[in-house]
Amino acid sequence: MSRAGGRKKALKQRRPRAAWLLVAPTALLLLAVSIYPLLYSLRISFFSWELTAAVPPAFVGLENYVRILSDDPRFWSSLSKTVYLVVGGVLIELVLGVALAALVVRCGKGRSVVTALLLIPVMIAPVVVATQGIVIFNVQWGPLNYLLSLIGIDGPVWLGDRHIALRTIMLTDVWQWTPFVIVIMAAGMQSLPVDIYEAAEMDGGSAWRIFRHITLPLIQPLIVVTALIRSMDIFKTFDYVYVLTGGGPGSSTETVSLYNFLQGLEFFSFGYAAAMSYIQLIIISVFASVLIRHMRKGLA
Amino acid sequence: MKSRGPKILTYAMLLLAILFFVLPVVWITLTSFKSQAEVFSYPPVFVPEHINLRHYAGVLSGAGGQALRDSFIVAGSNALLSLVAGVPAAYAISRWRIGGQHFAMWILSIRMFPPVVSAIPLFLLFTNLQLLDTYLGLIIAYLTLNVPFVVWFMKSFFDDLPRDLEDAALVDGANRWQAFVRVVVPLAIPAIVSSGLLAFVFAWNEFLLALFLTRSAVKTLPIALSSLVGGHEILWGQIGALAVMAILPVVLLVMLLQRYVVRGLSLGAVEG
């Protein structure tokens, strides 16, 4: 509401000439540190640019892109693992997040304490989470399998089994980011108008029916935005795999970001790595443009 | 009111969830105080017998001291620079819609790029400019993350800030600049501090760009931690101590900034 009011006034207020001066440094800065490197990278992506070889970079046109898309099974394999993480992670985080948020909004005054506790995992560096994950997931002396054994569960080989390791990465992401979803959803639910609920309760709706037919549709835009934010983040998964598994066992946890990193800093194929990063950029842009469209709707 | 049964069930489930999310952090903290024998014992020792500060001293005199210093220098300078560049721009964009909505969205989209996209060209450019493995290089690289963040965060703050007070100052004969410095900035201090601290945390936690752009002269905390884990003899107590030092400022900030954190992490898409 206040935004709409502000906008009307904005039209009335004259734009001072100096306003450009406030924006110019930022615009120039971003052109220099972000747009220029990006264009530079686009150029590199059309070259065969091997830092290890003595041969100078040579223009190869679209060859890097063609090779990645048609002749690099390792790329497709890393992409499919990344998509698996995105789909599984987002689904679990949303379901758990919405369900737990419904509990959080019911706990009244304790809510701000609960929120503060939940935000701790969210703000910790993923690398810190991953280094400690090595201990927690350890099969011989780690606390997780010990706790599971207390309730009679024979814990899996979290990081050493190629059929499990990718799911362990997903579990790590779920641990760190579900609290973020809970807090967002709780804030959304809290801001819903109370009178709708009172009316529904008077009509004798059960808690589940009220949740299903009133709460869920009302927070649906929030769910969409959160799903997009989490999808983009999980798509970039790098820190967990680099520290927890290094992409292994085999290449069972090699995400696109990790493979892209290896092409750059381990194999020094910069043309190829740049092309691969552009393919990632295009995929992310699809998510980003949908997200931005949703955010615009929110602003209008 | 509803019956008590479901209420107790609600609390029980919530408690279980909170334990799940918080216990690993408690575990990390406890590990940092354990003796080496306690770290590897099975069944695991959860609470150490003595509070042992040896690991803190050990890691601070080694890789950890440098890492703390480097992380503070890089994250601190980067956050300050991001504020200096971002706050005035955010104000102009919010008040006069400079560049229209496309410009604002363009800035936002830079924040969403995968870091590897800028890491590769920055690595090559920095090699030529001799900025590889320097504070300045990493500080510049993190501007791509934090300037868009500050602009976007502060824009949403200025959008909500009523302009009546500025207008009153203008009527009283102040010029635009005076109105901005004397009226707007004081009102915006909490938001400016919050966005600066969040930018600090983002730089503090960042890993991929640091991996590309630094070697040995500059070693931030995430880099130091990941190399401690990769070593021959893994000192889990020291790793725990360094992890606690990496977490501590962040936890303090969460307590201080609770309501801004969600807004910040969702780039203003969600009001906290």
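First to last, the protein sequences are chains A and B. Counting in our numbering, the first sequence runs from -4 upward without gaps. Counting in our numbering, the second sequence runs from 108 upward without gaps. Ideal Cβ placement from N, Cα and C applies to all residues, glycine included. Keep in mind the model is a prediction, meaning the values are calculated, not measured.
Using a threshold of 9 Å, state whether the C-beta atoms of A:Val122 and A:Val238 are closer than that. Here residue 122 of chain A refers to the residue found at position 127 when the first sequence is read from its first residue. Here residue 238 of chain A refers to the residue found at position 243 when the first sequence is read from its first residue. Closer than 9 Å, so yes.
Smallest Cα separation from B:Ala182: which of B:Leu304, B:Ile330, B:Pro150, B:Gln365? As a working note, residue 182 of chain B is residue 75 in the second sequence. Here the closest residue by C-alpha is B:Leu304.
Is B:Ala353 closer than 9 Å to A:Ala125 when the C-beta atoms are compared? By one-based count along the first sequence, residue 125 of chain A stands at place 130. By one-based count along the second sequence, residue 353 of chain B stands at place 246. Their beta carbons are not under 9 Å apart, which means A:Ala125 does not touch B:Ala353 by this criterion.
Whole angstroms are fine: how far does the CA of A:Leu24 sit from the CA of A:Ala269? Your numbering for residue 269 of chain A matches position 274 in the first sequence. Your numbering for residue 24 of chain A matches position 29 in the first sequence. Taking the straight line joining both Cα atoms gives about 22 Å.
Count the other CB atoms within 10 Å of the CB of B:Trp284; is the residue buried (16 or more) or exposed (fewer)? Working through the second sequence from its first residue, we reach residue 284 of chain B at position 177. The residue in question, B:Trp284, is exposed, as its Cβ has fewer than 16 Cβ neighbours within 10 Å.
N- and C-terminal bounds of the alpha helix (DSSP H) containing A:Gln185: Residue 185 of chain A sits at position 190 when you count from the first residue of the first sequence. Note, A:Gln185: alpha helix (DSSP H), 160 to 185.
Pairwise C-alpha distance: B:Asp267 and A:Gln185: In the first sequence, residue 185 of chain A corresponds to position 190, counting from 1. In the second sequence, residue 267 of chain B corresponds to position 160, counting from 1. Looking at the two C-alpha atoms, the distance is approximately 20 Å.
Could you name the residues of chain A that B:Val308 contacts, counting a contact when the two beta carbons are closer than 9 Å? In the second sequence, counting from the first residue as 1, residue 308 of chain B sits at position 201. Those are Met118, Ala120, listed as they occur along chain A.
In the DSSP output, which residue or residues are listed as bridge partners for A:Glu45? Position 50 of the first sequence holds residue 45 of chain A. Per DSSP, A:Ser264.
Just the C-alpha distance for A:Leu154 and A:Pro11, rounded to the nearest angstrom, thanks. Indexing the first sequence from 1 puts residue 154 of chain A at position 159. Indexing the first sequence from 1 puts residue 11 of chain A at position 16. Distance between the alpha carbons of A:Leu154 and A:Pro11 is about 60 Å.
What whole-angstrom Cβ distance do A:Leu260 and B:Phe319 have, given they're in contact under 8 Å? Walking along the first sequence from the start, residue 260 of chain A turns up at place 265. Walking along the second sequence from the start, residue 319 of chain B turns up at place 212. 6 Å between Cβ atoms; contact.
For B:Phe153, name the three-state secondary structure that DSSP assigns. Locating residue 153 of chain B in the second sequence gives position 46, counting from the first residue. Note: B:Phe153 maps to coil in three-state DSSP.
Do A:Phe265 and B:Leu239 come within 9 Å of each other at the CB atom, strictly closer than that value? As a first step, residue 239 of chain B is located in the second sequence; it is residue number 132 there, counting from the start. As a first step, residue 265 of chain A is located in the first sequence; it is residue number 270 there, counting from the start. No, these two residues do not count as a Cβ contact at 9 Å.
According to DSSP, simplified to helix, strand and coil, what is B:Ala295? Within the second sequence, numbered from 1, the residue matching residue 295 of chain B stands at position 188. DSSP places B:Ala295 in helix when its eight states are reduced to three.
B:Tyr149: buried (16+ other C-beta within 10 angstroms of its C-beta) or exposed? For this step, residue 149 of chain B is matched to residue 42 along the second sequence. When all chains shown are included, B:Tyr149 counts as exposed.
Which bits of chain B does A:Met197 rub up against, with CB to CB less than 8 Å? Counting from 1 along the first sequence, the entry for residue 197 of chain A is found at position 202. Result: empty, since nearest Cβ-Cβ is about 14 Å, beyond 8 Å.
Would A:Val251 pass as a contact of A:Gln275 if the rule is Cβ separation under 9 Å? On the first sequence, residue 251 of chain A is found 256 positions in, with the first residue counted as 1. On the first sequence, residue 275 of chain A is found 280 positions in, with the first residue counted as 1. Yes. Within cutoff.
Where B:Ile214 and B:Pro269 are concerned, what is the direct C-alpha to C-alpha distance, given to the nearest angstrom? The residue labelled residue 214 of chain B in the question sits at position 107 within the second sequence. The residue labelled residue 269 of chain B in the question sits at position 162 within the second sequence. C-alpha separation (whole angstroms): 24 Å.
Proximal chain A residues relative to B:Phe260, where beta-carbon distance stays under 7 Å: Walking along the second sequence from the start, residue 260 of chain B turns up at place 153. Neighbours of B:Phe260 on chain A: none; closest Cβ ~13 Å, over 7 Å.
Answer with yes or no whether the minimum CB distance from A:Leu113 to chain B is below 9 Å. Here the question's residue 113 of chain A lines up with position 118 in the first sequence. Residue contact with chain B for A:Leu113: present (Cβ-Cβ distance below 9 Å to some residue of chain B).
Determine the direct distance from the alpha carbon of A:Ile177 to that of B:Thr327, and round the result to whole angstroms. Within the second sequence, the letter at position 220 stands for residue 327 of chain B. Within the first sequence, the letter at position 182 stands for residue 177 of chain A. Computed Cα separation, rounded: 31 Å.
Is the shortest distance between the beta-carbon of A:Ala283 and the beta-carbons of chain B less than 9 Å? Looking up residue 283 of chain A in the first sequence gives position 288. Closer than 9 Å: yes.
When you compare the CB of B:Ser216 with every CB in chain A, is at least one pair closer than 9 Å? Locating residue 216 of chain B in the second sequence gives position 109, counting from the first residue. Chain A contact via Cβ: present.
Just the C-alpha distance for B:Pro297 and B:Phe264, rounded to the nearest angstrom, thanks. Translated into the one-based positions of the second sequence, residue 297 of chain B becomes position 190. Translated into the one-based positions of the second sequence, residue 264 of chain B becomes position 157. Using only the alpha carbons, I get a separation of about 10 Å.
With a 10 Å radius around its C-beta and 16 neighbouring C-beta atoms as the bar for buried, classify B:Gln237 as buried or exposed. What you label residue 237 of chain B is simply residue 130 of the second sequence in a count that begins at 1. With fewer than 16 other Cβ atoms within 10 Å, it is exposed.
Please compile the residues from chain B whose C-beta is within a distance smaller than 9 Å of the C-beta of A:Trp153. The residue given as residue 153 of chain A occupies position 158 in the first sequence. Ordered by position in chain B, no residue passes the 9 Å Cβ test against A:Trp153, which lies about 13 Å from the chain.
For B:Leu187, which option in B:Glu145, B:Tyr249, B:Ala174 has the closest C-alpha, if you only look at C-alpha atoms? Residue numbering aside, residue 187 of chain B sits at position 80 when the second sequence is read from its first letter. Per the Cα distances, B:Tyr249.
Straight-line Cα distance separating A:Tyr31 from A:Ile287: Residue numbering aside, residue 287 of chain A sits at position 292 when the first sequence is read from its first letter. Residue numbering aside, residue 31 of chain A sits at position 36 when the first sequence is read from its first letter. Whole-angstrom Cα-Cα distance: 23 Å.
Determine the chain B residues that contact A:Asn255 at a beta-carbon separation under 7 Å, and present them in chain order. What you label residue 255 of chain A is simply residue 260 of the first sequence in a count that begins at 1. Going along chain B in sequence order, the residues near A:Asn255 (Cβ under 7 Å) are Val223.
Indicate whether at least one CB of chain A lies closer than 9 Å to the CB of B:Phe147. Here the question's residue 147 of chain B lines up with position 40 in the second sequence. Closer than 9 Å to some Cβ of chain A, the Cβ of B:Phe147 qualifies, so yes.
A:Pro212 at chain B interface by Cβ criterion, 9 Å: As a working mapping, residue 212 of chain A is identified with position 217 in the first sequence. Judged by the 9 Å Cβ criterion, A:Pro212 is not in contact with chain B.
Can you grab the Cα-Cα spacing for the pair B:Phe314 / A:Ile39, in whole Å? Locating residue 314 of chain B in the second sequence gives position 207, counting from the first residue. Locating residue 39 of chain A in the first sequence gives position 44, counting from the first residue. Roughly 24 Å between the two C-alpha positions.
Burial state of A:Gly0 (16 or more Cβ within 10 Å): Position 5 of the first sequence, counted from the first residue, corresponds to residue 0 of chain A. Because the pLDDT of A:Gly0 is 44, which lies under 50, any placement of that residue in the model is unreliable, and the number read from its coordinates should be weighed accordingly. By the neighbour-count rule (16 or more Cβ atoms within 10 Å), A:Gly0 is not buried but exposed.
Nearest to B:Gly358 (by Cα), restricted to the options B:Thr138, B:Gln345, B:Phe307: Reading the second sequence from its first residue, position 251 is the one you call residue 358 of chain B. In the sequence on display, residue 358 of chain B carries Val and not Gly. Looking at the Cα atoms, B:Phe307 is the closest of the given residues.
Which chain A residues sit within Cβ distance under 7 Å of B:Val336? For this step, residue 336 of chain B is matched to residue 229 along the second sequence. What B:Val336 touches in chain A: Thr126, Ile129, Val238.
Are the CB atoms of A:Ala48 and B:Met219 within a distance shorter than 9 Å? Residue mapping note: residue 219 of chain B aligns to position 112 of the second sequence, counting from 1. Residue mapping note: residue 48 of chain A aligns to position 53 of the first sequence, counting from 1. Cβ distance not < 9 Å, so B:Met219 and A:Ala48 don't count as in contact.
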